[in-house]
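S.K.: My structure is below; once you've seen it, I'll send some questions.
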Amino acid sequence: MAVQVSLDTTKSPPVTVNPRVHNVNNGNQTIKWERASNQTFTFTSLSGLPNPPFGTPNVSASEITITDNNTSPAAYGYTIVVTLNGVQYSTASSQPDPTAQSNNGPVINNR
Numbered sequence: 001m002a003v004q005v006s007l008d009t010t011k012s013p014p015v016t017v018n019p020r021v022h023n024v025n026n027g028n029q030t031i032k033w034e035r036a037s038n039q040t041f042t043f044t045s046l047s048g049l050p051n052p053p054f055g056t057p058n059v060s061a062s063e064i065t066i067t068d069n070n071t072s073p074a075a076y077g078y079t080i081v082v083t084l085n086g087v088q089y090s091t092a093s094s095q096p097d098p099t100a101q102s103n104n105g106p107v108i109n110n111r
């Protein structure tokens, strides 16, 4: 299942992901982020995911993929940056704890 990424320049944060907390099962998995319906931005970067267990992100205009060699439960916050009309926008900053009340940024939850 791909993570859907949306941009709304009138909101804060302007970039959101669905699901915000993406659960990943044990094993070597590939995680994919793609534009949600009717989105026209270009992916710019993915940051904040440590290597290991994550590999190097593969960023293209329309999607981002990364490998996750999930060997033990842990949660990881990350940031996605997209570009529209020469302006960069990003997700909210995220904390590794997906249940923290102040955490509204995206999280990969290895289980």
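Residue numbering for the sequence shown follows this note's numbering, beginning at 1 and increasing consecutively. Note that CB positions come from ideal geometry on N, CA and C, so glycine has one too. Keep in mind it's a predicted model, so treat the numbers as computed, not measured.
#1: Among Thr16, Asn69, Asn51, Phe54, whose alpha-carbon lies nearest the alpha-carbon of Phe43?
#2: Throw me the rounded Cβ distance for the Thr79 and Ser94 pair, which I believe falls under 8 Å.
#3: When we look at the beta-carbon of Asn85 and count the other beta-carbons within 10 Å, is it buried (16 or more) or exposed?
#4: Go through its chain and collect everything with a Cβ distance to Val24's Cβ below 8 Å, but skip five positions before and after it.
#5: Can you find a heavy atom of the ligand GDP that lies under 6 Å from the Cβ of Gly77?
#6: Taking the alpha-carbon positions, what's the Ser37 to Ser60 distance?
#7: Suppose the cutoff is 7 Å on Cβ atoms and the five residues either side in sequence are ignored; what does the same chain contact list for Pro14 look like?
M.R.: In this structure, then:
#1: Thr16
#2: 7 Å
#3: exposed
#4: Ile31, Asp68, Asn70, Ile108, Asn109, Asn110, Arg111
#5: As far as ligands go, the structure on display features none, and thus does not contain the ligand GDP.
#6: 17 Å
#7: Leu7, Asp8, Tyr89
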